[in-house]
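*Asks:* The sequence shown begins at 61 in my numbering and counts up one residue at a time.
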Amino acid sequence: AGTAPVPGRKPPIPFSAPPPSSDSFHKMLVGFGAENTMAAATCTFAFCAGRGQPVSLFQGVTRGRIVEPRGSSGFGWDPCFLPEGYQSTYAEMDNATKNAISHRFKALQALRQFL
């Protein structure tokens, strides 16, 4: 698949940026001298009962802040996200604790209540 070459033009070079490392967010904030490290993890599920039916959105938010990476479980930015009211990053938490407070869980709970 793809597009036909255009005479006289070089073909485009495919590019895909690597995903950010777990400490990218923290390094970026430190690099910019940011004093405010507050963050919000947000998840939104959409539900539609069928063609022509309205779409309902269900959002979950977990507030916290970006910290120097800690912990080895989880993925992505889990090591640098410290949820509000907790001393452990997502990556330092056991799965049961993380899942009970996560933005995804909150969004899923809202969807379940709707259904």
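Positions of the beta carbon are idealized from the N, C-alpha and C atoms, including for glycine.
(1) DSSP on A100, reduced to helix/strand/coil?
(2) Between the segment 156–173 and the segment 103–116, do at least 3 Cβ pairs fall closer than 8 angstroms?
(3) Less than 9 angstroms between the beta carbons of L142 and G120, yes or no?
(4) Find the nearest neighbour of D138 within the set T157, E144, R130, judged by alpha-carbon distance.
(5) Measuring alpha carbon to alpha carbon, tell me which residue in F92, L171, K158 is nearest T122.
*Replies:* The structure says:
(1) The residue given as residue 100 occupies position 40 in the sequence shown. Residue state, collapsed to three classes: strand.
(2) Counting Cβ pairs under 8 angstroms, three or more are found: they touch.
(3) The residue given as residue 142 occupies position 82 in the sequence shown. The residue given as residue 120 occupies position 60 in the sequence shown. Cβ distance not < 9 angstroms, so L142 and G120 don't count as in contact.
(4) Looking up residue 138 in the sequence shown gives position 78. It is R130.
(5) The residue labelled residue 122 in the question sits at position 62 within the sequence shown. Cα-wise, what sits closest to T122 is K158.
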